[in-house]
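Student: Protein chains in written order, with our numbering: chain P, 1 to 122; chain C, 123 to 544.
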Amino acid sequence: MERSVGVIKPVFDTMSRSLEEASATIGATRWQTFWHVTLPSLKGAITSGALLTFARAVGEFGSTILVSGNLAMRTQTAPLYIFAKFNEGQVEAANAVAIVLALLSFFIFSILFFARDWLDTD
Amino acid sequence: MRPEEITTIFGNNASNGAPEGERSETTVAASVRSVSKKFKKTVVLEDIDFDIAEGESLVLLGASGSGKTTILRIIAGLEEPDTGRVILHGKDVTELPARERGVGVIFQNYALFPRMTVERNIGYGMRIRHRPRKEIRKKVGELIELVGLEEHRKKYPSQLSGGQQQRVAIARTLAYKPQVLLFDEPFGALDAQTRVRLRREIRALLKRINVPSLFITHDQEEALELGDRIAVLNAGRLEQIGTPDEVYNRPETEYVATFLGAANLLLGVVSRGDVEIGTAIIPAPVETARFREGQAIKLVFRPEDVYISRTGELPDGCRRLTNGVIEEIRFVGAYERLTLRLDLVARQPAEGEPVLYNVALAGREKRTGVPIVATRPKPEANANLLTVGDRVAVGLTAFRVLANYALASERAGRLVDTSKRR
Ligand SMILES: Nc1ncnc2c1ncn2[C@@H]1O[C@H](COP(=O)(O)OP(=O)(O)OP(=O)(O)O)[C@@H](O)[C@H]1O
Ligand SMILES: [Mg+2]
């Protein structure tokens, strides 16, 4: 997650900041701005952020399984779960968790977007 | 587009917000009242005060870092002032967020939405206000015609030239009848020729639609051409506000004189209605009336106000400064530029006289005599040929006498609004 923020944040800070300000002066609410301006112009960045996060999660696979094992409901991370289910041939279960992961990322990402103003003011 | 059609776009030219009664009695569209702003500990704006009249275009002129953008952002509601108020059409909007102010900002990079076509960019303000689709289509059509972008309506911003993008940005704000238009260095990103063409186009457009506007620039030529009035900003303070003629021909401070075009500066004192510059004495009872006897002053004059005579005769209304020698002559396109060395000798200061009495020039050269710069238009230069080494009489057709404050703090807090004094 921290990785995808690292990719998206610079985009937030430069170009989209002035677009958001333009949108605000035109009369848009924060939500309208997010929906019509920020999200469309972040498509590329969101995709790459998601990909990098995914890559990172898969990359952590080995160390997670070695350090903490793969105990269901205890140390099993989502990727390990996906891996386990996938191995057992339960592709639907694996997909379901993957989708939950994706939605969760999006949700956290949105919160970060709205929280940015407090975070920025030192 | 004909005037009556423009009226249909803008209604009866005025405002969102202000109640009927207040609107009719004021012609002020926007006011900035005693605005100050600090970033961390740095003072960026100090007690800024000005009005933008209805239909007026005011130019905020100042060097880089003088606080121009900060003023614009405070009016737009993108930045909060530490003290002071912002008033739009009689309504105090200081506490309102940007989106409730109804101000049109044309950002330096235009800030067009990259994934929307020209049409959708222009219609954005109406879409988010949930106007009916038919109304949006009609208005967008009118605005596209107004700014002359008919062939480009389906294009994306990246497919447009800088000038076209700028027109989209303007049309996008006009769609919601802005109370005031704010332009941040609108021509900064364009080449010199396009700049000149566009600022004339924009000026003509603004005069037609009659929306009050604030321009930001650091280019004096642009300021003189665009502004009905010019406000000169220096390090977070307003030095002077006035018409182009006033700030150029009657600068109130040395900063204004030198920032708007070239100016010669000579130090002197007031003595019995005369200006004494070293050994030269210029009768100036009117100009010196506001100074006390013996006060240190600066004589400020533009190169084009220097009259050069080989015969020693000066025309009526031209006051003799002293004699001098032509040191250099250059042709600079439309006019001739000369450097003259005046026969001015610094007098030894008498007992108790301020040291500033000594003649000096901005250049701080140490040679005897004082260099000044003069220009002559081509016809004059051709009719009265001069060569280097000629001894001439030097007169001034116009000049200003400014106080020579020894301390910066002496002149602090002096806002000079020449437009109000008339
Ligand atoms: N958000 C900010 N945080 C801290 N300092 C700022 C901020 N915005 C502006 N400043 C400072 O305030 C001063 C005035 O900045 P401003 O952008 O208003 O100048 P400007 O006149 O528009 O200059 P330019 O012509 O270069 O655009 C500068 O010294 C700048 O560094
Ligand atoms: Mg600026």
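The beta carbon of each residue, even a glycine, is placed where N, CA and C say it ideally should be.
To the nearest angstrom, report how far apart residue 103 of chain P and residue 161 of chain C are at their CA atoms.
Tutor: Roughly 39 Å between the two C-alpha positions.
Student: Compile a chain-ordered list of the residues in the stretch 19-39 of chain P whose CB is closer than 8 Å to at least one CB of chain C.
Tutor: Those residues of the stretch 19-39 of chain P that come within reach of chain C (Cβ to Cβ, closer than 8 Å) are 19, 21, 22, 23, 24, 25, 26, 27, 28, 29, 32, 36, 37.
Student: Using a C-beta cutoff of 9 Å, does residue 110 of chain P count as contacting chain C?
Tutor: With 9 Å as the cut-off, residue 110 of chain P does not count as an interface residue toward chain C.
Student: For residue 252 of chain C, which residues of its own chain have a beta-carbon under 6 Å away from its beta-carbon, when the five flanking residues on both sides are left out?
Tutor: Contacts found: none.
Student: Can you have a look at residue 191 of chain C and say buried or exposed, based on whether 16 or more other CB atoms are within 10 angstroms of its CB?
Tutor: Classification of residue 191 of chain C: buried, given that the 10 Å Cβ count is 16 or more.
Student: Considering only DSSP beta bridges, list what residue 407 of chain C is partnered with.
Tutor: Residue 407 of chain C pairs with nothing; no bridge assigned.
Student: Mind checking if residue 105 of chain P is an interface residue toward chain C, Cβ cutoff 9 Å exclusive?
Tutor: It does not: the Cβ of residue 105 of chain P has no partner Cβ on chain C nearer than 9 Å.
Student: Any Cβ of chain P within less than 9 Å of the Cβ of residue 504 of chain C?
Tutor: False, the Cβ-Cβ gap to chain P never drops below 9 Å.
Student: Is the distance from the Cβ of residue 279 of chain C to the Cβ of residue 232 of chain C below 9 Å?
Tutor: Cβ atoms of residue 279 of chain C and residue 232 of chain C: closer than 9 Å.
Student: Step through the CB atoms of chain P and report whether any lies within less than 9 Å of the CB of residue 271 of chain C.
Tutor: Chain P, which has no Cβ nearer than 9 Å to the Cβ of residue 271 of chain C, makes this no.
Student: Closer than 9 Å, CB to CB, is residue 152 of chain C near chain P or not?
Tutor: Chain P contact via Cβ: absent.
Student: Should the stretch 204-213 of chain C be called in touch with the stretch 177-191 of chain C, which here means at least 3 C-beta pairs below 8 Å?
Tutor: Touching, no, given that fewer than three Cβ pairs across the two stretches are closer than 8 Å.
Student: Looking at the secondary structure, which residues open and close the beta strand (DSSP E) in which residue 207 of chain C lies?
Tutor: Start and end: 205-210.
Student: Less than 9 Å between the beta carbons of residue 439 of chain C and residue 464 of chain C, yes or no?
Tutor: Contact: no.
Student: Would you give the residue range spanned by the beta strand (DSSP E) that residue 420 of chain C belongs to?
Tutor: Run containing residue 420 of chain C: 418-423, per the beta strand (DSSP E) assignment.
Student: So, is residue 545 of chain C buried or exposed, given that buried needs 16 or more other C-beta atoms within 10 angstroms?
Tutor: Outside the modelled stretch of chain C, which goes from 123 to 544, sits residue 545 of chain C, for which no answer is possible.
Student: Would you mind giving the Cβ-Cβ distance between residue 309 of chain C and residue 335 of chain C, rounded to the nearest angstrom? I have them listed as a contact below 8 Å.
Tutor: That pair is no contact at about 14 Å.
Student: On the three-state DSSP scale, how would you describe residue 106 of chain P?
Tutor: In the structure shown, residue 106 of chain P sits in a helix (DSSP, three-state: H, G or I).
Student: Is it buried or exposed for residue 501 of chain C, if we count other Cβ within 10 angstroms and need 16 for buried?
Tutor: Label assigned to residue 501 of chain C: exposed.
Student: Got a sec: does ligand 2 put a non-hydrogen atom nearer than 8 Å to the Cβ of residue 191 of chain C?
Tutor: Yes, the Cβ of residue 191 of chain C comes within 8 Å of a heavy atom of ligand 2.
Student: By DSSP's criteria, residue 389 of chain C is part of a beta bridge. Which residues make up the other side?
Tutor: Paired residue(s): C:420.
Student: Please report the distance separating the alpha-carbon of residue 503 of chain C from that of residue 431 of chain C.
Tutor: Looking at the two C-alpha atoms, the distance is approximately 12 Å.
Student: Could you please give the first and the last residue of the uninterrupted alpha helix (DSSP H) stretch that includes residue 325 of chain C?
Tutor: Run containing residue 325 of chain C: 314-331, per the alpha helix (DSSP H) assignment.
Student: Thinking residue 355 of chain C and residue 187 of chain C are a contact (beta carbons under 8 Å), I'd like their distance in whole angstroms, please.
Tutor: 10 Å between Cβ atoms; not a contact.
Student: Under 9 Å between the Cβ atoms of residue 515 of chain C and residue 442 of chain C?
Tutor: Taking 9 Å as the Cβ cut-off, residue 515 of chain C and residue 442 of chain C qualify as a contacting pair.
Student: Does the beta carbon of residue 254 of chain C sit closer than 9 Å to a beta carbon anywhere in chain P?
Tutor: No, no contact with chain P.
Student: Using DSSP bridges, identify the partner residues of residue 457 of chain C.
Tutor: C:454, C:499, per the DSSP bridge assignment.
Student: Consider the C-beta atom of residue 338 of chain C and the heavy atoms of ligand 1; say whether any pair is separated by less than 8 Å.
Tutor: Answer for residue 338 of chain C: yes, Cβ within range of ligand 1.
Student: Using only the alpha-carbon positions, how far apart do residue 451 of chain C and residue 429 of chain C sit?
Tutor: Going from the Cα of residue 451 of chain C to the Cα of residue 429 of chain C covers about 15 Å.
Student: Does chain P have any CB closer than 9 Å to the CB of residue 235 of chain C?
Tutor: Chain P contact via Cβ: present.
Student: Ordered along the chain, which non-local residues of its own chain (more than five positions away) have a Cβ less than 6 Å from that of residue 361 of chain C?
Tutor: Contacts found: 354, 375, 377, 378.
Student: Using the C-alpha atoms, what's the distance from residue 289 of chain C back to residue 262 of chain C?
Tutor: One C-alpha to the other measures close to 13 Å.
Student: Within the same chain, show all residues whose beta-carbon is closer than 7 Å to that of residue 107 of chain P, passing over the 5 residues directly before and after it, in chain order.
Tutor: Within the same chain, residue 107 of chain P has no close Cβ partners at all.
Student: Considering only their Cβ atoms, is the gap separating residue 294 of chain C from residue 82 of chain P smaller than 9 Å?
Tutor: For residue 82 of chain P and residue 294 of chain C, no; Cβs fall outside 9 Å.
Student: Considering only the beta carbon of each residue, do residue 399 of chain C and residue 339 of chain C sit closer than 9 Å?
Tutor: Cβ distance not < 9 Å, so residue 399 of chain C and residue 339 of chain C don't count as in contact.
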